Amino acid sequence: MQSEAEAKQLSGESFIVAGDETFLGKLNPNADDNESIFNQYGPYGSKYSQTCIFNPYSPYGGQYSALSPFNQYATNPPRVFLKGQFVGYLTVNQYKTPKLDPNSIMDWAKQHVSTYG
């Protein structure tokens, strides 16, 4: 059986997946997409959601969590996929490469991801 992240990878979507394989949202800049990190009311864009990288109290957003992109020592940060292909780790850890800065992931996604995919 495929995981949600594997299915999205095979379909060529752009998304984030945590080091523990938890799906953390699509990088689709469409704020109406419930699975997008741009939807501030959805499970991946709401700063109150446990699956949002922008929730500082969640395992995927707190600066001390090993799974968080904001932990400078994280050895297993989230991975970013663009059109189904791995492009880098979402992390502030300066030693983890290739990497994308979580503080600018929204701008990066606006430049690299179609609003419809």
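Note that the working numbering has the sequence shown beginning at 1, numbered continuously upward.
Using N, Cα and C, we set each Cβ at its ideal position, and we do this for glycine too.
Note that the structure is predicted; figures quoted are calculated from it, not measured.
Between the Cα of residue i and the Cα atoms of the options, which residue gives the shortest distance?
i, options, result
"Gly62", "Asp107, Ala109, Gly12 and Val92", "Val92"
"Leu100", "Leu27, Glu21 and Tyr57", "Leu27"
"Pro102", "Tyr89, Gln111 and Ser114", "Tyr89"
"Gln85", "Pro29, Val113 and Ser49", "Val113"
"Gln94", "Gln111, Thr75, Met106 and Ile105", "Thr75"
Could you give the distance in angstroms between the alpha-carbon of residue i and the alpha-carbon of residue j?
i, j, result
"Phe23", "Ser14", "11 Å"
"Asn55", "Phe70", "11 Å"
"Asp33", "Tyr44", "10 Å"
"Ser3", "Gly25", "13 Å"
"Ser49", "Val87", "25 Å"
"Glu35", "Tyr60", "16 Å"
"Ala109", "Gln72", "22 Å"
"Ser58", "Ser46", "11 Å"
"Gly42", "Ser68", "19 Å"
"Ala31", "Pro98", "27 Å"
"Ser65", "Ser104", "20 Å"
Residue i and residue j look like a contact to me (Cβ under 8 Å); what is the Cβ gap, rounded to whole Å?
i, j, result
"Lys83", "Gly19", "That pair is no contact at about 21 Å."
With DSSP as the reference, label residue i as helix, strand or coil.
i, result
"Ile105", "helix"
"Lys110", "helix"
"Phe23", "strand"
Mind checking whether residue i and residue j have CB atoms under 8 Å apart?
i, j, result
"Val80", "Ile16", "yes"
"Pro78", "Ile53", "yes"
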